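So for the sequence shown, the numbering used here puts the first residue at 132; every next one is plus one.
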Amino acid sequence: MRYLGEKCPFCKTNFTDESDTVVCPECGTPHHRECYNELGNCFNKELHKNGFIYSSQNDSSKEPAKKAANIEEDKDEIGSETEQKEAKDGKVFPPFGYAQTESITPQTDMDGITGEEYANFLGASAKRYMPRFFFLQRTGKKMMANLFAFLLPFTFAAYKRMYRLAAVLLAVNIFFIGIGIYGSLQKEPVKAIVIMTRQAAADGVITKDETEQIRSAIDELSQIELKANWTDYVTRYKLSVNVLTGLFATYLYMKESERKIKGLKKSYTSKEMHNELLSRLGKGTLMLPILGYITIFIAALIIFGLSI
132 MRYLGEKCPF
142 CKTNFTDESD
152 TVVCPECGTP
162 HHRECYNELG
172 NCFNKELHKN
182 GFIYSSQNDS
192 SKEPAKKAAN
202 IEEDKDEIGS
212 ETEQKEAKDG
222 KVFPPFGYAQ
232 TESITPQTDM
242 DGITGEEYAN
252 FLGASAKRYM
262 PRFFFLQRTG
272 KKMMANLFAF
282 LLPFTFAAYK
292 RMYRLAAVLL
302 AVNIFFIGIG
312 IYGSLQKEPV
322 KAIVIMTRQA
332 AADGVITKDE
342 TEQIRSAIDE
352 LSQIELKANW
362 TDYVTRYKLS
372 VNVLTGLFAT
382 YLYMKESERK
392 IKGLKKSYTS
402 KEMHNELLSR
412 LGKGTLMLPI
422 LGYITIFIAA
432 LIIFGLSI
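Written out as structure tokens, the structure is:
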């Protein structure tokens, strides 16, 4: 007998020469006829959908458990892949910071705004800023280091469409640049060079003596250390603007995002339109920083012209 010495998967007793056996037509699992009739189907019926085929060289009583375990492992792997895909797509975010233990999901409430809404608004930067926003909200903190905002305060604010902060930082940049230009032109011998050049330009002709005087002043400029004046002390405060922006920019960005998202909620648009508007409203722009630096350049030229 082919299955002699093997066990019936249902009653767990060995097949003998006298055993009346039947075999499942789908997977080939042997049963006692009485056991098969009592079950009404193959003992391994649940495994048929996974392509299970009985092997007479294995213990059939252990095979179902093994296959079931494999199925559970497959489910776990699928679940893990799903979570990884969701994280990659910006839908699930791991905890951030020592005081946060909860992952962010599309349903997470973040001060009246769902995780899905924040993800649509922040777009590609959601992975960076959503966990930080969540951390600031849960802890009540306002300071968080932001290297981009520290190095380029105006660029950060303009790119993130933080219009009011960008306007303030633009004015601050122009102020400090203006102070720097004015202060530099008031130092000797820079001031002498400016006066002689302006006088020569006014006359329309630069004489040989004037040329020598200008060259001598330029040589002196390269050999001496310029004395500091009040403008140098003022321009040193420019660094404090970078520090403050770098510390509070993330919090200000969170409040600006919150204001825009909640304002958009009042429009009562469809969900599809709402998500589309969120994506557009939160998308970064390079045009504003470019226009800002063009404005700074023009302002610097005007200040220079007025100073000489």
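Positions of the beta carbon are idealized from the N, C-alpha and C atoms, including for glycine. Keep in mind that this is a model prediction, so the values were computed, not measured.
Rounded straight-line distance, which links the Cα of residue j to that of residue i
i	j	result
residue 140	residue 180	18 Å
residue 305	residue 347	32 Å
residue 177	residue 158	11 Å
residue 183	residue 162	16 Å
residue 268	residue 283	25 Å
residue 147	residue 154	15 Å
residue 396	residue 402	10 Å
residue 315	residue 368	17 Å
residue 138	residue 185	12 Å
residue 281	residue 384	14 Å
residue 429	residue 240	46 Å
residue 171	residue 149	22 Å
residue 279	residue 435	30 Å
residue 292	residue 423	12 Å
residue 248	residue 300	29 Å
residue 407	residue 254	11 Å
residue 164	residue 187	17 Å
Reduced DSSP secondary structure (H/G/I, E/B, other) of residue i
i	result
residue 373	helix
residue 184	coil
residue 283	coil
residue 368	coil
residue 390	helix
residue 432	helix
residue 413	helix
residue 438	helix
residue 176	helix
residue 261	helix
residue 276	coil
residue 206	For residue 206, the predicted model reports a pLDDT of 43, less than 50, meaning its position is unreliable and no value from the coordinates is stated.
residue 215	Its pLDDT being 44, under 50, residue 215 is placed unreliably in this model, and the value from its coordinates should be taken loosely. In this structure, residue 215 counts as helix in the three-state DSSP scheme.
residue 400	coil
residue 385	helix
residue 317	coil
residue 271	coil
residue 311	helix
residue 346	helix
residue 339	helix
residue 295	helix
Opposing strand residues paired with residue i [DSSP bridges]
i	result
residue 161	154
residue 240	245
residue 138	145
Beta carbon of residue i nearer than 8 Å to that of residue j
i	j	result
residue 362	residue 294	no
residue 372	residue 310	no
residue 297	residue 419	yes
residue 431	residue 287	no
residue 302	residue 377	no
residue 235	residue 266	no
residue 251	residue 409	yes
residue 166	residue 142	yes
Cβ distance (whole Å) where residue i is taken to contact residue j below 8 Å
i	j	result
residue 128	residue 394	Only positions 132 to 439 of the chain appear in the structure, and residue 128 is not among them; the question remains open.
residue 258	residue 382	That belief does not hold up - the Cβ atoms of residue 258 and residue 382 are roughly 18 Å apart, past 8 Å.
residue 243	residue 237	Rounded, the Cβ-Cβ distance is 15 Å, inconsistent with contact.
residue 308	residue 427	7 Å
residue 318	residue 360	7 Å
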